[in-house]
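Written out as structure tokens, the structure reads:
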């Protein structure tokens, strides 16, 4: 796909979508694939898997599903090893690594 898809603030999509670039301001229930980038604005809600070389998630956005970050070439069909992670993101829900240390003077 060589196009840009924008789901507006009052938009509600119940389908899998695919485009060069996807901007989500409204709600999507379905998988989202982009060959360049996916951007989820603060009012955006996604319930589905995301696949793109670049992902931008604004504070306040909600996403439930898996995220697969691939190179641009892999999104266009070339083989590459994707980095995959599960995401359920809400503001303030990020976890911090345990066992962090603070330097002390001897």
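In the numbering used here, the protein residues as written are -1 to 104.
Note that the Cβ used here is the ideal one computed from N, Cα and C, for glycine as well.
- By the beta-carbon neighbour count (other beta carbons within 10 angstroms, threshold 16), residue 68 is buried.
- Counting only residues of its own chain and dropping the five nearest sequence neighbours on each side, residue 34 has a CB closer than 6 Å to the CB of 18 and 19.
- With fewer than 16 other Cβ atoms from the protein chains shown falling within 10 Å of its own Cβ, residue 0 counts as exposed.
- Its Cα nearest to that of residue 15, the residue 48 stands out among 48, 6 and 65.
- As the crow flies, the alpha-carbon of residue 66 is around 18 Å from that of residue 13.
- Across the set 62, 37, 25 and 61, the C-alpha of 37 shows the shortest separation from the C-alpha of residue 51.
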